[in-house]
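Below: the structure, in structure tokens.
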Amino acid sequence: MEETDVIFFINSAINVTGRSLYSNEKRWEQTLETIESIDKQVPNNVKYIIDGSALPIEEWKIKTLKDKGVRIVLTGQIPTVNQISTNITQYGIGNSLTECLSFNYFLGWYMENQEFKSKRICKLSGRYKINENFKWDDPNFKDKYVFAKHHPSNAPAKEQLGLTGLFVVRCWHMDSSLLDNFKTVIQNVFSDCANLGIDAENSYYKNIPKDKLYEVEKIGVEGYVSPVGVYENE
961 MEETDVIFFI NSAINVTGRS LYSNEKRWEQ TLETIESIDK QVPNNVKYII
1011 DGSALPIEEW KIKTLKDKGV RIVLTGQIPT VNQISTNITQ YGIGNSLTEC
1061 LSFNYFLGWY MENQEFKSKR ICKLSGRYKI NENFKWDDPN FKDKYVFAKH
1111 HPSNAPAKEQ LGLTGLFVVR CWHMDSSLLD NFKTVIQNVF SDCANLGIDA
1161 ENSYYKNIPK DKLYEVEKIG VEGYVSPVGV YENE
């Protein structure tokens, strides 16, 4: 099995149906910037795009990504994923459901077809860039999930549900040894979004094991935040 420093799981929706603040052309430009930032900050990497686009992706885009060394897993046309993504009525929770379901399908496939061994695995949202603050090799990170410091929960039913915090989940990473644990986490996050009506940010904080958690001031990601279009550097 080949070895690399960091494997990136990039959740993406390159072609959307019009709910996004950004056009599909702009989303494509931002996706290329995401890839360039990874190659700049972590040259020894493997990149997977998990794309849940409701609309099919053009062949020339797929070829461009492959030419840049990206492995592509298309989940947007899986009936259950497509049904959710084309019938979103509540932005945050709907997006959370689509992303979690896509991620769960991907992890099942990935764990059966694993080609690479890495020190860490990073989840990065498509359209965002990692920067010089992105650190993956701190000895304190061994056997840990690493997130930017959590914020207080913003869920309307936080008191009834016992929610105390939320994570910004645009970028975070974990020790590769935690992959099996994370598959359980993402299944629980999907269940929370579907059954409790909370978004992934609140559910991640609820479900990440606190004895396996390391929080940092800066995770090292930047970009324009949907749906408001504010530029964040976290």
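Each residue of the sequence shown is one higher than the last, beginning at 961 in my numbering. Where is the CB? At the ideal position from N, CA and C, for every residue including glycine. Note that the structure is predicted; figures quoted are calculated from it, not measured.
Under the three-state reduction of DSSP output, N1155 falls in the helix class. Each of E1072, K1007, K1089 and Y1184 was checked against the Cα of R1080, and the nearest Cα belongs to K1007. Counting the other Cβ atoms within 10 Å of the Cβ of S1151 gives fewer than 16, which makes it exposed.
Remark: C-beta atoms of S1062 and V1041 approach each other more closely than 8 Å.
G1180 and F1066 have their C-alpha atoms roughly 25 Å apart. The C-alpha of P1099 lies about 20 Å from the C-alpha of P1003. Contact annotation: G1122 and P1112 have beta-carbon atoms that are not nearer than 8 Å. Comparing C-alpha distances from S997 to each of N1091, Y1165, S983 and N1073 shows the shortest one belongs to N1091. According to the DSSP assignment, T1024 belongs to the alpha helix (DSSP H) that extends over E1019 to D1027. DSSP, reduced to helix, strand and coil, places A1108 within a strand of the structure shown. Pairing K1118 with V1145, the inter-Cα distance amounts to about 19 Å. Taking the Cα of L992 as reference, the smallest distance to any Cα among Y1174, T1024, E1018 and S983 is reached at T1024.
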